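What follows is a single structure, written as structure tokens, with notes after it.
Residue numbers (the UniProt record's numbering): 1 to 119.
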């Protein structure tokens, strides 16, 4: 199964646009989109959405998301991968990393994996 992404609301909307320009087949939602959590949704609820919908979360929220992620896992929660964006990553670098992951890996490989991107 190909990776499906959920982009955190803190990421630029340009990220989703650029991903879809690269390949319209990539399944990507951003918080605030139709069929995605609404803007302002709490981190714990954000973490439930990708778990239930088999989506890899892409976030640059280093302030609160790590603590909520560990609490989610400690309570028995799972996830389909969390990709934490390194500080000062350009949109191009992020798009390149996400498209490479989509092309080169399967969603199941990312279950319960947390990785900094770009690599």
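Beta carbons: idealized from backbone N, C-alpha and C, even for Gly. On a predicted model such as this, the values are computed, not experimentally measured, just so you know.
Counting C-beta neighbours from all protein chains within 10 Å, is the total for residue i 16 or more, i.e. buried, or is it exposed?
i: residue 116; result: exposed
i: residue 5; result: buried
i: residue 76; result: exposed
i: residue 64; result: exposed
i: residue 13; result: exposed
Cα-Cα, which of the options is closest to residue i?
i: residue 23; options: 37, 2 and 112; result: 2
i: residue 70; options: 105, 48 and 94; result: 48
Between which residues of its own chain and residue i is the CB-CB distance below 7 Å, once the five residues before and five after are set aside?
i: residue 16; result: 7, 28 and 30
i: residue 37; result: 31, 45, 46 and 49
So if DSSP puts residue i in a beta bridge, which residue, or which two residues, is it bridged to?
i: residue 59; result: 84
i: residue 5; result: 28 and 56
Helix, strand or coil, according to DSSP, for residue i in the structure here?
i: residue 39; result: coil
i: residue 95; result: helix
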